[in-house]
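S.K.:
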Amino acid sequence: MRPRDTAVPFARTRPRHEAAAAMSRNARRVLRSLRAPLIVTKYEVQCRPACRSRRHLTTAHVSHQRLLLSRPSTTEPDHAIPPTRDTDDDMAQPEQITGLDYSCHQYGDHALQRVGIWQPTPRRHHGYWVIYLHGGAWRDPRNTHLNFVPSIKQIQSNFDAAVRGYISVDYRLSPHQDYPQDPAQTPKPELRIAKHPDHVLDIRAALHFLDTEYQISRGYILVGHSAGAMLAFQALMGQSALARQQPRGPIPLPVAIIGISGIYDLVGLNSRKEGYDGFISAAFGKDQKVWQAASPATFGGSFKETWSGSPLAILAHSPEDTLVDMPEIDSMAAKLSEDGINIVAVRDLSGEHDEVWKDGSQLASLVAQALQRLSSAG
689 MRPRDTAVPF ARTRPRHEAA AAMSRNARRV LRSLRAPLIV TKYEVQCRPA CRSRRHLTTA
749 HVSHQRLLLS RPSTTEPDHA IPPTRDTDDD MAQPEQITGL DYSCHQYGDH ALQRVGIWQP
809 TPRRHHGYWV IYLHGGAWRD PRNTHLNFVP SIKQIQSNFD AAVRGYISVD YRLSPHQDYP
869 QDPAQTPKPE LRIAKHPDHV LDIRAALHFL DTEYQISRGY ILVGHSAGAM LAFQALMGQS
929 ALARQQPRGP IPLPVAIIGI SGIYDLVGLN SRKEGYDGFI SAAFGKDQKV WQAASPATFG
989 GSFKETWSGS PLAILAHSPE DTLVDMPEID SMAAKLSEDG INIVAVRDLS GEHDEVWKDG
1049 SQLASLVAQA LQRLSSAG
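Its first residue numbered 689, the sequence shown is counted upward by one per residue in our numbering.
1. Quick one, which of G815, V818, W826, K841 has its alpha-carbon nearest S1049's?
2. Please report the distance separating the alpha-carbon of S959 from that of H813.
3. Using alpha carbons as the reference points, say which of N831, S862, S856 lies closest to H793.
4. Once you ignore the five residues that flank R936 on each side, which residues in its own chain have a CB closer than 7 Å to its CB?
5. Return helix, strand or coil for H833, following the three-state DSSP convention.
6. Can you check whether the CB of H887 is closer than 8 Å to the CB of H860?
7. Between G988 and S928, is the Cβ-Cβ spacing less than 8 Å?
8. Just to confirm the assignment, what range does the alpha helix (DSSP H) spanning D1087 have?
9. Under a three-way DSSP split, which group does I1029 fall into?
10. In three-state terms, what does DSSP make of W979?
11. Mind checking who V851 pairs with in its DSSP beta bridge?
12. Assuming S1006 and S1038 are in contact, meaning their beta carbons sit under 8 Å apart, how far apart are those beta carbons, in whole angstroms?
13. At which residue ranges does the region 869-916 contain complete beta strand (DSSP E) runs of 3 or more residues, listed in the order of the chain?
14. Is the region 937-954 touching the region 860-871, taking contact as three or more C-beta pairs under 8 Å?
15. Which residues share a DSSP beta bridge with R844?
16. Leaving out the 5 sequence neighbours to the left and right, which residues in its chain are closer than 8 Å to G926 when beta-carbon positions are compared?
17. Quick check on the burial criterion: 16 or more other C-beta atoms within 10 angstroms. Buried or exposed for P868?
18. With distance defined between alpha-carbon atoms, name the residue in I945, G787, G916, L924 nearest to W817.
19. Going by CA-CA distance only, name the one from I819, Q933, P808, A1021 that's closest to D848.
20. Between L1011, P1015, I1031, which has its C-alpha nearest F991's C-alpha?
21. Considering only the beta carbon of each residue, do Q933 and P999 sit closer than 8 Å?
22. Along the beta strand (DSSP E) that carries V803, what are the first and last residues, could you check?
23. Report buried or exposed for K1104, applying the criterion of at least 16 other Cβ atoms within 10 angstroms of its Cβ.
24. Using the Cα positions of S1025 and L1003, report the straight-line distance between them to the nearest angstrom.
25. Just confirm the distance between the C-beta atoms of I939 and A917, as a whole number of angstroms; I'd bet it's less than 8 Å.
26. S791 lies in the beta strand (DSSP E); which residues open and close that run?
27. Does DSSP classify V1034 as helix, strand or coil?
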C-alpha cells in the first residue's frame, strides 16, 4: 500500500473566482454529508434509476433519490494500473462514464429487476460484452449495478478494444436486519423479500432479456463478485439451482466466467465461519440440503455437460480476504477441474473482500486476462 498524495502543488495562485468556485463545491459537499444519515462509499448508492421498461425502450433518465458519499480513502492499493481519479461530476452522476452512453432497463416488474448498460459511441458490432453480477450476501441494498463503475473505467482505459459494451445486473434481494422495511409503507415492487431461487431466476431472466435485446449470445464474459460469483455458476446448473421452479426462458452460455472472492460452498463456508448461518438462512432457508444443492462446488451434475463448447473459468481470491476464505476457491477449482473445464486459479489478489471491485484495477486485469486467453484460443 502507498499513501495517497495529501497535497497538490499549485504552479500559480488561483484567481479569486476560481477559489470561490472551489469553496462553493466544498461547501455543497459538506452540506450533502451533513444531510446524509448513513455514510457509505460513492459507489454504494441507494438510488433507483428510472429504467426503461421491457416494452418501451426509450431514453433513460436517472433520478437519484438518495446519493450518499463518503470521504475518499487516505490510502490506495499499489497496483500496476493506477486507480481512476473521480471528478465532482463523476460523484454527482456515478453512472456516467466519459466516452460511454449509459442506459437502464427493467427486465421485470420489481424495482431491482434492472440492468445498467454502457456502450461506446459509435456502437461496436464486434468484441465481447462484459456482464457483471454484484455481491452483498444476496441482501445488502448498498450493493447495486453501479458497483461495476470503477472496473469499467479501468477496462475502458486499458483494455477496451475487445469489448463491445458493459452490462451490470441488479436482482431482487433478501431481507437485511440492518435495513428493515415496513411492508405497510413500502410499495410491493420495492420490498426486499427474495428467497432462493429468486436471485438466480432473476439472473437468468436478465440474461434472457439481454439476449433478446442485445444479442449477447454472440459472446459475453460473465463476471461475479462474492454472491455474484455463485450466481454466475448457478445460472449453468439447471434445476439443481432452481429448486424445481421454471425459468423464464433459455439463456445463452458465456464464453468465460470470472469468479472473484466467490462463495461456492454454503455448507462448507458456514462450518468454518461463525455467524454466517444468519445471512445464508435469510436467502436460502435453514435446510442445509438446499444449501448443498444450490452450491456450485457441490453441484451433483457436471459443468462440462451444462456448459458446452470450450469455456474458460477464472477464479480469483485475495489471501487478505477475511470474509470469504481460500477454501472456497479451492473447492470450486477442484469441482471445475474434475468436470473438465479449462480453469485458471488466481490466488494472489490483494486487499479485503470488497476492495477488488471498489478499486477496479484488479477486476480489470482479470477481464484482460480472459480476453487475451479467448483471443489466443481463436
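Glycine residues also receive a C-beta, built at the ideal position from the N, C-alpha and C atoms.
M.R.: Put simply:
1. Closest by alpha carbon: K841.
2. For S959 and H813, the distance between alpha carbons rounds to 47 Å.
3. Ranking N831, S862, S856 by CA distance to the CA of H793 puts S856 first.
4. Excluding residues within five positions, the ones whose Cβ falls inside 7 Å are R892, A893, H896.
5. Helix, per DSSP.
6. Per the sequence shown, the amino acid found at residue 860 is Arg instead of His. Going by beta carbons, R860 and H887 fall inside the 8 Å limit.
7. For G988 and S928, yes; Cβs fall inside 8 Å.
8. The chain is shown from 689 up to 1066; residue 1087 falls before or after that span and cannot be answered.
9. I1029 falls in the coil class under three-state DSSP.
10. DSSP places W979 in helix when its eight states are reduced to three.
11. Paired residue(s): Y816.
12. In this structure S1006 is in contact with S1038, their Cβ atoms being roughly 6 Å apart against a cut-off of 8 Å.
13. Runs found: 908-913.
14. The count of Cβ pairs closer than 8 Å, one atom from the region 937-954 and one from the region 860-871, stays below three, leaving the stretches out of contact.
15. What sits at residue 844 in the sequence shown is Gln, not Arg. Q844 pairs with nothing; no bridge assigned.
16. Excluding sequence positions up to five before and after G926, its CB lies within less than 8 Å of the CB of G989, T994, all in the same chain and listed in chain order.
17. Its Cβ having fewer than 16 others within 10 Å, P868 is exposed.
18. Of the residues I945, G787, G916, L924, the one whose Cα lies closest to the Cα of W817 is I945.
19. It is P808 whose Cα lies nearest to the Cα of D848.
20. Ranking L1011, P1015, I1031 by CA distance to the CA of F991 puts I1031 first.
21. Inclusion of Q933 and P999 in the CB contact set at 8 Å is not warranted, their separation being larger than that value.
22. In the DSSP assignment, V803 falls within the unbroken beta strand (DSSP E) covering 802-808.
23. This structure leaves residue 1104 out entirely; the chain is present only between 689 and 1066.
24. So the two alpha carbons sit approximately 12 Å from each other.
25. I939 to A917, Cβ: 17 Å. No contact.
26. 788-794 is the span of the beta strand (DSSP E), which, as asked, contains S791.
27. Of the three classes helix, strand and coil, the one that applies to V1034 here is strand, per DSSP.
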